[in-house]
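Each position in the sequence shown, counted from 1, maps to that position plus 6 in my numbering. The structure appears right after this line, and notes come after that.
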Amino acid sequence: MNVPTYDDLPPVDGMPRGCVWGVFDKDGKKDLFGTLNHLTTATIKAAAAEVQDGVSISLNWSLNALEHIPLPGRRKLAHTVQPLRDIGVSGGIGWDDELAFNTQSSSQWDSLVHWQHQATGLAYNGFRPTPEEMSRTSTLENTMPTLDHWQSRGGLVARGVLIDFKSYAEEKGIDFHPFDGYRISVEEIEQVAKHQSVEFRPGDVFLLRTGTTDAFVNPTPEGMAKLAQMK
């Protein structure tokens, strides 16, 4: 796949430098996947070939992980359990359960329309999200670059690379807290990658450990005060 480097990305009118809009467009059709286009069959096969220990690690956080943290405007998890006989199933004993929650209340993937370019209101590739467009129940009718298109594409299967900035900061004596608003630069990520012997490749899923979940799960008065000051 012939994709320009960051420094060679073509300019996009009205957008800051480094915008990838249009790079993955094909046959006059606007792309919906962004850098997921790097996940070719060859890339996925190469990632699978690196498996050595056969140990799987879930990146899912508990749905109620932030239950003790105030999240203004976002509903908390509601879990309802009911016997199947209550919904008309009389031939056996069993249960149904229902979940209602805000997707931002735990771990989640943000779609490419979750947070727009603030000056223009445009999302990835120039799409302008509306509640009507994002509420379509059929992926075939959905023109927005939302997560349901990932499912239709086969989900997300890739090689993950971990940059453990929290451990690096502790080792190097860097004054860092995930709620300080500390800006981790590209240069620092490259330094950590070199220190931790991490090699980046096209199609990698980049995992950055900052200690944020630890700070939420084991809150301290100091940490919560920092969080309250964040914007």
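Just so you know, even glycine gets a beta-carbon here, dropped at the ideal spot from N, CA and C.
Span of the beta strand (DSSP E), counted from its first residue to its last, around residue i
{"i": "L233", "result": "Note, L233: premise wrong, no beta strand (DSSP E); alpha helix (DSSP H) at 227-235."}
{"i": "E104", "result": "101-106"}
{"i": "F222", "result": "Where F222 is concerned, there is no enclosing beta strand (DSSP E), although the alpha helix (DSSP H) it sits in stretches over 218-223."}
{"i": "R215", "result": "211-215"}
Length of the line joining the Cα atoms of residue i and residue j
{"i": "Q110", "j": "D186", "result": "21 Å"}
{"i": "E104", "j": "D154", "result": "21 Å"}
{"i": "G160", "j": "P151", "result": "15 Å"}
{"i": "P227", "j": "I180", "result": "21 Å"}
{"i": "G40", "j": "E139", "result": "19 Å"}
{"i": "L15", "j": "C25", "result": "7 Å"}
{"i": "W121", "j": "R134", "result": "11 Å"}
{"i": "Y12", "j": "F206", "result": "14 Å"}
{"i": "T219", "j": "H85", "result": "23 Å"}
{"i": "H44", "j": "D210", "result": "8 Å"}
{"i": "H123", "j": "A129", "result": "6 Å"}
{"i": "G34", "j": "V223", "result": "47 Å"}
{"i": "W115", "j": "W156", "result": "11 Å"}
{"i": "W27", "j": "T126", "result": "14 Å"}
{"i": "E194", "j": "P225", "result": "27 Å"}
{"i": "L42", "j": "M21", "result": "21 Å"}
{"i": "I75", "j": "P89", "result": "31 Å"}
{"i": "V87", "j": "R165", "result": "37 Å"}
{"i": "G60", "j": "G94", "result": "43 Å"}
{"i": "M7", "j": "D102", "result": "47 Å"}
{"i": "E196", "j": "P78", "result": "36 Å"}
{"i": "Q202", "j": "N148", "result": "42 Å"}
{"i": "A199", "j": "A175", "result": "13 Å"}
{"i": "H229", "j": "G100", "result": "With the sequence shown as reference, residue 229 is identified as Gly, and His is not the correct amino acid for it. Answer to the nearest angstrom: the Cα atoms are 44 Å apart."}
Inter-residue CB distance, residue i and residue j (contact presumed, cutoff 8 Å)
{"i": "Y204", "j": "V167", "result": "Residue 204 is actually Val in this sequence, not Tyr. Their Cβ separation, rounded to whole angstroms, is 5 Å, which keeps V204 and V167 in contact under 8 Å."}
{"i": "D37", "j": "F30", "result": "4 Å"}
{"i": "F293", "j": "L83", "result": "Past the edges of the chain, shown from 7 to 237, lies residue 293, and the structure says nothing about it."}
{"i": "K178", "j": "R215", "result": "Their Cβ separation, rounded to whole angstroms, is 15 Å, which puts K178 and R215 out of contact at 8 Å."}
{"i": "S158", "j": "T145", "result": "6 Å"}
Residue range of the unbroken alpha helix (DSSP H) whose run includes residue i
{"i": "V192", "result": "192-201"}
Length-filtered (4 minimum) alpha helix (DSSP H) runs lying within the stretch 127-188: 137-140, 154-159, 171-178
Complete beta strand (DSSP E) runs within the stretch 69-98 (minimum length 3 residues, chain order): 84-89
Can at least three beta-carbon pairs, one atom from the stretch 184-198 and one from the stretch 214-234, be found at a separation below 8 Å? yes
What ranges does the beta strand (DSSP E) occupy inside the stretch 20-75, keeping only unbroken runs of at least 3 residues that lie completely in it? none
Determine contact between the stretch 40-51 and the stretch 60-69, defined as no fewer than three beta-carbon pairs at a distance below 8 Å. no
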